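Right, one structure below, let's go through it.
In the numbering used here, the protein residues as written are 7 to 74.
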């Protein structure tokens, strides 16, 4: 197991190093990636000032569930 050493995670573990890296990038990194919905009427779009997704797969799931 691979453990997150950030004090806010209380020993959260991951099965693969890539999962730990993704966790760190999306939760603890200073410059998190931002992905907004491309539908300008969506509350999660940059046009509406919505909160960005920090993972591309979460944006894809949002688009599939909300806009398909």
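From the three backbone atoms N, C-alpha and C, an ideal C-beta is built for every residue, glycine too.
Computed from a predicted structure; not experimentally measured.
What does a CB cutoff of less than 8 angstroms around residue i pick up in its chain, not counting 5 residues either side in sequence?
| i | result |
| --- | --- |
| residue 20 | 7, 8, 9, 10, 26, 29 |
| residue 73 | 43, 45, 48 |
| residue 17 | 9, 10 |
| residue 51 | 42, 43, 44, 45 |
Of the residues the options, which one's Cα is nearest the Cα of residue i?
| i | options | result |
| --- | --- | --- |
| residue 60 | 39, 45, 52, 74 | 39 |
| residue 13 | 34, 56, 22, 23 | 34 |
| residue 32 | 51, 55, 56, 65 | 65 |
Kindly list the residues whose CB is nearer than 7 angstroms to the CB of residue i, restricted to its own chain and excluding five residues on each side of it in sequence; keep chain order.
| i | result |
| --- | --- |
| residue 62 | 41 |
| residue 104 | Coverage of the chain is limited to positions 7 through 74, which leaves residue 104 absent and any answer about it impossible. |
| residue 69 | 43 |
Once you ignore the five residues that flank residue i on each side, which residues in its own chain have a CB closer than 6 angstroms to its CB?
| i | result |
| --- | --- |
| residue 46 | 53 |
| residue 23 | 8 |
Mind checking which residues open and close the alpha helix (DSSP H) that includes residue i?
| i | result |
| --- | --- |
| residue 70 | 62-72 |
Which complete alpha helix (DSSP H) runs does the region 16-58 hold, if anything under 4 residues is left out? Segments of the alpha helix (DSSP H) lying fully in the region 16-58: 23-29.
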